[in-house]
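For the sequence shown, the working numbering begins at 944 and goes up steadily by one.
Even glycine gets a Cβ: it sits at the ideal position worked out from N, Cα and C.
Worksheet: one structure, shown below.
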Amino acid sequence: QPLGAYSVCNLGAINLARFYDADKGDVAWDDLRQAVRYAVRFLDDVIDSTPYFFPENEAVQQGERRIGLGTMGIAELMIRLGIRYGSDESVEFIDRLYELIATETYEASIELAKEKGAFPNFDAEKFLESGYMQQMPEEIRQKIAEHGIRNVTLLTQAPTGTTGTMVNTSTGIEPFFSWVYYRKSRLGLHEEQVPLVREWYEQHPDAEELPDYFVTAMDLAPEDHVKVQAAIQRWVDSAISKTCNVPNEYTVEQVAKLYEYMYDLGCKGGTIYRDGSRDEQVLMLKGDERAEQEAEQVKQALEQAKSPQVQEAAHVDQVATPHHVYARPAKLLGATVSRQTPFGKAFITMNSDEAGQPFEVFITVGKAGSDLQADAEGLGR
């Protein structure tokens, strides 16, 4: 989310897949409306409950009351509805769905303004003259002019990579990466399968293949990715995260044309990822020989670690070997190496004692104060 000086991100996401009404074969529209309104109130309350690092952060956030409600699970929801991601039908459905989310979000913020007051920096004339507000229903514009609005921005489409994976749905506004794929973590590569596919085959045991509306990121034409982004961002007042996946053989000329297509559709920006263009990537397709070899090594190591012999040896070692805390000498010698990671360049320093034995390890990656750097520091310890 683009932020001014000392502004604060306050993001949340609704799992759209949870709002599929299986009995009606439709979206549970009323439940979704209610969830949106609850989410806006929740995120607004977070502003007042947050312990801020600096007074400047608190002052700016209290003045703006910026929130960013987004979604995940749109790809799963459309599969359950039998709608192919990236099709003309999906664009029409997305426009209806995200218009509802946007209008309900703004209605909720207006109600909060009536109850608690508009955000302190609110200026009705400037707020209503924005390009985004020009497309909002006139009824909402009139309410804002009369009552104000609680939050300066309300809608942000974040990637939700970890949270979407945690609840077993499609992440952000993306299609599923693949039905079977490898995810890279600290322990290496692990094979993962999309639960929705297993569920479908259990319900259709005689089926030989999935219906045509089951599509993955690499099944889609790059232009289909762009059409979905353009449809959703129409109803997003802040930032939007969307990756346009292209095959490894995609050329520079094709990339240029794709960016021109994004521009023609009015996209705020665009991210193109050519498969295999980085040495390391978080997700890899099944069938990648290197990925499969590494995943097999991790699998064998985990199985070996679970064996009774290893467990017994670990227990004996744990019992028999006392833990010693050694005083750190004032001076140690070592070396620092750099390694490229999916999160940027990491610098690893290892110092040794006088006997040449490793004594301490420091890992630096990411920005100072970030969760990533904190994790890296803990890993080094």
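Counting every other CB atom within 10 Å of its CB across the protein chains shown gives residue 1145 a total below 16, marking it as exposed. Annotated three-state conformation of residue 1303 is strand, per DSSP. The C-beta distance from residue 1083 to residue 1117 rounds to 29 Å, too long to fall under 8 Å, and the pair is not in contact. Within the region 1158-1216, the complete alpha helix (DSSP H) runs of at least 4 residues fall at 1165-1176 and 1195-1207. In the DSSP assignment, residue 1290 falls within the beta strand (DSSP E) that extends over 1287-1295. The beta carbon of residue 1282 sits closer than 6 Å to those of 1289, all from its chain and outside the five residues before and after it, given in chain order. For residue 1308, no beta strand (DSSP E) encloses it, and the DSSP letter there is neither H nor E.
Bridge pairing for residue 1269: absent [DSSP].
Taken atom to atom, the span from the alpha-carbon of residue 1080 to that of residue 1046 is near 8 Å.
When DSSP states are grouped into helix, strand and coil, residue 958 belongs to the strand group. Cα atoms of residue 1034 and residue 1164: separation of roughly 15 Å, rounded to the nearest angstrom.
Scanning the region 1055-1082 from its first residue to its last, the whole alpha helix (DSSP H) runs of 4-plus residues come out as 1067-1071 and 1074-1077. Pairing residue 1002 with residue 1195, the inter-Cα distance amounts to about 46 Å. The DSSP-derived three-state label of residue 1276 is strand. Going by C-alpha positions, residue 951 is about 47 Å away from residue 1147. For residue 1106, no beta strand (DSSP E) run applies; the uninterrupted alpha helix (DSSP H) run containing it begins and ends at 1104-1109, by DSSP. Secondary structure at residue 973: helix, using DSSP grouped into helix, strand and coil. Under the three-state reduction of DSSP, residue 1220 is assigned to coil, being neither helix nor strand. Annotation: the continuous beta strand (DSSP E) that includes residue 1012 extends over 1011-1015. With 16 or more other CB atoms across the displayed protein chains lying within 10 angstroms of its CB, residue 1100 is buried.
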